[in-house]
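Sequential numbering from 283 applies to the sequence shown in our numbering.
We put the CB at the ideal spot given by N, CA and C, even for glycine.
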Amino acid sequence: MESKRSSFTGKLGFVLAAAGSAVGLGNIWRFPYLAAKYGGGIFLLVYIALSVTFGFSLMIAEIALGRKTKLSAIRAYGSLDKRFSFVGILCSLVPVIILPYYSVIGGWVMKYMFGFITGKTAEMAQDTYFNSYLGITVEPILWFLLFIGITALIVLLGVEKGVEKISKIMMPILIGLIVFIVAYTLITMDGAWDGVVYYLKPDFSKFSLMTVVAAMGQLFYSMSLAMGIMITFGSYMKKEINIEKSVKQIEVFDTGVAFLAGLMIIPAVFAFSGGNEAALGQGPGLMFVTLPKIFDAMPGGSFIGAAFFVMVLFAALTSSISLMETVVSIFMDKLKIGRKVSILVVLGGSLLLGVVSSLGYSAWADVKVLGMQFLDFFDFFSNSLLMPIVALATVIFVGFILKPKAIIEEVELLEPFKFKKLFTAVIRFVAPVCILIILVSSILTAFGIVSI
283 MESKRSSFTG KLGFVLAAAG SAVGLGNIWR FPYLAAKYGG GIFLLVYIAL
333 SVTFGFSLMI AEIALGRKTK LSAIRAYGSL DKRFSFVGIL CSLVPVIILP
383 YYSVIGGWVM KYMFGFITGK TAEMAQDTYF NSYLGITVEP ILWFLLFIGI
433 TALIVLLGVE KGVEKISKIM MPILIGLIVF IVAYTLITMD GAWDGVVYYL
483 KPDFSKFSLM TVVAAMGQLF YSMSLAMGIM ITFGSYMKKE INIEKSVKQI
533 EVFDTGVAFL AGLMIIPAVF AFSGGNEAAL GQGPGLMFVT LPKIFDAMPG
583 GSFIGAAFFV MVLFAALTSS ISLMETVVSI FMDKLKIGRK VSILVVLGGS
633 LLLGVVSSLG YSAWADVKVL GMQFLDFFDF FSNSLLMPIV ALATVIFVGF
683 ILKPKAIIEE VELLEPFKFK KLFTAVIRFV APVCILIILV SSILTAFGIV
733 SI
């Protein structure tokens with residue numbers, strides 16, 4: 283067992299690692315299609331407003347909890363109040379469930395990246411290619427094993443040499459690739475600038491309560507809240523690092539990448555489809571079906587497609603690394619075992635659930651849970667149920683049991699907390715209402731009663 287808890291070397295390492303966790307597949311495909319669906323510019327304004335209030339306050343609370351206790355999520359809550367130990371258990375379940383199926387999707391990304399690099403652009407642009415690939419039993423599992431194997435190797439190196447170092451390398455490259463693809467698309471595709479106008483111009487006729495709900499939901503998942511990640515990263519954070527300033531910088535990274543992802547995808551799809559809004563609302567199909575068609579049609583599409591999926595792979599890896607590091611930290615804290623043994627335990631469980639998730643589209647396609655494929659069920663259970671419940675319990679714990687003062691004191695170790703009044707108001711009164719709305723809307727959406 284490590285005698286001393288690992289830590290980030292400094293502020294830059296912490297911010298890039300936390301931002302890498304927040305910047306994942308959800309930013310690349312989910313944000314663009316929600317922005318397109320809910321009025322472009324008006325969705326952006328709502329998202330930014332929620333980011334600097336709701337998201338800011340929850341991230342402050344989680345990071346401060348981690349640094350205050352120097353523990354992962356499974357023990358952090360109970361160390362401050364034993365009655366809330368159950369929240370640590372629920373919070374720890376989230377990354378345990380997400381990591382395997384997220385790595386399966388990461389394997390899909392690697393497959394497509396390899397396909398574009400090897401010149402199979404036209405083949406992957408066919409309508410039936412993606413579903414046919416999912417229906418194969420062995421190959422998706424092999425790509426999944428490669429993806430999670432790379433993730434495990436990086437986590438094995440530890441916080442400083444693994445998580446922090448790879449984040450410092452991947453994040454600048456990821457942002458550089460996004461900017462390059464945005465510029466190339468706008469220059470080479472006819473009609474792309476009309477898509478920019480469609481993306482940025484506020485459409486107030488599309489504003490509704492669902493605009494706010496959709497923005498809240500995206501923000502909630504995008505910022506890696508209620509997964510134990512920010513608590514774990516906070517436990518690795520040195521006392522001399524300013525929490526408030528770090529959170530602001532993480533938000534700039536997260537929101538900036540989401541914005542650029544929209545600028546990268548919406549104009550391209552808009553131009554390719556002739557302004558057909560339905561082409562933007564395909565969820566995962568947007569990345570694995572529609573975009574390969576666009577790359578096949580544009581000049582130099584094989585190169586741009588390869589660059590795109592390299593960028594998506596980096597985004598997926600930075601998130602999977604954070605997920606695995608969180609689960610590894612949980613096992614280390616709870617079972618009092620070393621990093622290597624903990625990684626082996628985590629890998630074993632992840633391989634089992636990951637293979638089940640992959641086979642749910644092929645050999646076990648007829649076996650469903652609540653009418654959902656295994657991967658879809660794991661996603662629903664973790665994202666739509668556990669995460670809002672954990673977040674609600676967290677704001678109740680911080681707002682009324684531990685009290686905001688305890689968090690404010692941790693934030694103010696170096697400098698005054700400039701937005702402590704906002705933090706207190708959001709945690710005690712705004713966040714509980716917002717999270718209840720997210721929880722209810724997620725359940726209603728999952729059962730087809732409403733659509734987000």
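Return the CA-CA distance between Lys575 and Asp615, expressed in angstroms with no decimal places.
-> Stepping through the sequence shown from its first residue, residue 575 is reached at position 293. Stepping through the sequence shown from its first residue, residue 615 is reached at position 333. Their Cα atoms are separated by approximately 47 Å.
Which word fits Thr400, buried or exposed, when buried means at least 16 other C-beta atoms lie within 10 angstroms of its C-beta? Taking the first residue of the sequence shown as 1, we reach residue 400 at position 118. Exposed, because fewer than 16 other Cβ atoms sit within 10 Å of the Cβ of Thr400.
* To do: Could you check the C-alpha separation between Pro442 and Ser288 for me, to the nearest Å?
  => Your numbering for residue 442 matches position 160 in the sequence shown. Your numbering for residue 288 matches position 6 in the sequence shown. With the sequence shown as reference, residue 442 is identified as Glu, and Pro is not the correct amino acid for it. Rounded to the nearest angstrom, the two C-alpha atoms are 8 Å apart.
Practice task
Note down, in chain order, each residue of its chain lying with its Cβ closer than 6 Å to the Cβ of Met453, except the 5 sequence neighbours on either side.
Solution key: The residue given as residue 453 occupies position 171 in the sequence shown. Answer for Met453: Leu298, Gly302, listed in chain order.
Assigned secondary structure, Pro454 (DSSP; H/G/I helix, E/B strand, else coil):
The sequence position of residue 454 within the sequence shown is 172, counting from 1. Three-state result, Pro454: helix.
Discussion item. Would Pro382 and Ser639 be called neighbours here (beta carbons separated by less than 8 Å)?
Written reply: As a first step, residue 382 is located in the sequence shown; it is residue number 100 there, counting from the start. As a first step, residue 639 is located in the sequence shown; it is residue number 357 there, counting from the start. Their beta carbons are under 8 Å apart, which means Pro382 touches Ser639 by this criterion.
> Roughly how far, in whole angstroms, is the beta-carbon of Trp390 from the beta-carbon of Phe570, given that I think they are within contact range, below 8 Å?
Replying inline: Numbered from its first residue, the sequence shown carries residue 390 at position 108. Numbered from its first residue, the sequence shown carries residue 570 at position 288. So it is a contact: roughly 7 Å between Cβ atoms.
**Message:** Please report the distance separating the alpha-carbon of Gly444 from that of Lys488.
**Reply:** One-based indexing of the sequence shown puts residue 444 at position 162. One-based indexing of the sequence shown puts residue 488 at position 206. C-alpha separation (whole angstroms): 44 Å.
Three-state secondary structure (DSSP) at Val420? One-based indexing of the sequence shown puts residue 420 at position 138. Of the three classes helix, strand and coil, the one that applies to Val420 here is coil, per DSSP.
If you drop the 5 nearest sequence neighbours on each side, which residues of the same chain put their C-beta closer than 8 Å to that of Gly292? Position 10 of the sequence shown holds residue 292. Excluding residues within five positions, the ones whose Cβ falls inside 8 Å are Lys520, Ile523.
What is the residue span of the alpha helix (DSSP H) that Phe596 lies within?
Position 314 of the sequence shown, counted from the start, is the residue given in the question as residue 596. 583 to 617 is the extent of the alpha helix (DSSP H) around Phe596.
Euclidean distance between Cα positions of Met669 and Val539 = Residue numbering aside, residue 669 sits at position 387 when the sequence shown is read from its first letter. Residue numbering aside, residue 539 sits at position 257 when the sequence shown is read from its first letter. Going from the Cα of Met669 to the Cα of Val539 covers about 23 Å.
May I ask which residues mark the beginning and end of the alpha helix (DSSP H) holding Phe362? Stepping through the sequence shown from its first residue, residue 362 is reached at position 80. Correcting the residue identity first, residue 362 is Leu in this sequence and not Phe. Note, Leu362: alpha helix (DSSP H), 355 to 362.
Quick check on DSSP: helix, strand or coil for Gly642?
As a first step, residue 642 is located in the sequence shown; it is residue number 360 there, counting from the start. Coil at Gly642, not helix or strand.
* **Those runs of the alpha helix (DSSP H) which lie wholly inside the segment 449 to 522 and span at least 4 residues** => 474 to 482, 491 to 504, 511 to 517
- Message: If you measure between the beta carbons of Ser765 and Leu416, is that distance less than 8 Å?
- Response: Absent from the model: residue 765. The displayed extent of the chain is 283 to 734, so no value can be given.
ask   = Near Leu428, which residues of its chain fall below 8 Å by C-beta distance, leaving aside the five closest residues on each side in sequence?
value = As a first step, residue 428 must be located in the sequence shown, where it is residue number 146. Here the set comprises Gly389, Met392.
Check your understanding: Does the distance from the CB of Val464 to the CB of Met546 come in under 8 Å?
Key -> Locating residue 464 in the sequence shown gives position 182, counting from the first residue. Locating residue 546 in the sequence shown gives position 264, counting from the first residue. Yes; because the gap between Cβ atoms is below 8 Å, this pair is in contact.
field: Gly323 beta carbon less than 8 Å from that of Pro484
entry: Position 202 of the sequence shown, counted from the start, is the residue given in the question as residue 484. Position 41 of the sequence shown, counted from the start, is the residue given in the question as residue 323. Yes. Within cutoff.
On the premise that Ala474 lies in contact with Ala550, defined as a C-beta separation below 8 Å, what is that separation, rounded to the nearest angstrom?
On the sequence shown, residue 550 is found 268 positions in, with the first residue counted as 1. On the sequence shown, residue 474 is found 192 positions in, with the first residue counted as 1. With a Cβ gap of about 6 Å, Ala550 and Ala474 count as contacting.
Checklist entry - Which one or two residues does DSSP pair with Gly322 in a beta bridge? => result Taking the sequence shown and counting its residues from 1, the one referred to as residue 322 is at position 40. Gly322 pairs with Pro484.
To the nearest angstrom, how far is the alpha carbon of Leu635 from that of Ser723? Mapped onto the sequence shown, residue 635 falls at position 353. Mapped onto the sequence shown, residue 723 falls at position 441. Cα-Cα distance, rounded: 27 Å.
Near Phe486, which residues of its chain fall below 8 Å by C-beta distance, leaving aside the five closest residues on each side in sequence?
-> What you label residue 486 is simply residue 204 of the sequence shown in a count that begins at 1. Gly321, Ile324, listed in sequence order.
- Taking only runs of the alpha helix (DSSP H) that begin and end inside the segment 373 to 450, which ones reach a length of at least 4 residues, in chain order? 403 to 406, 411 to 416, 421 to 438
Given a threshold of 16 other Cβ atoms within 10 Å of its Cβ, counted over all protein chains shown, does Tyr560 qualify as buried or as exposed? Counting from 1 along the sequence shown, the entry for residue 560 is found at position 278. The amino acid occupying residue 560 in the given sequence is Ala; Tyr does not appear at that position. So Ala560 counts as exposed.
Sorted by chain position, which residues of the same chain lie with C-beta nearer than 6 Å to Met406's C-beta, five sequence neighbours on each side aside? Indexing the sequence shown from 1 puts residue 406 at position 124. Result list for Met406: Gly397, Pro574, in chain order.
Let me confirm a value: Gly735 is counted as buried when at least 16 other C-beta atoms fall within 10 Å, else exposed. Which label applies?
Limits of the chain in this structure are 283 at one end and 734 at the other, which puts residue 735 out of reach.
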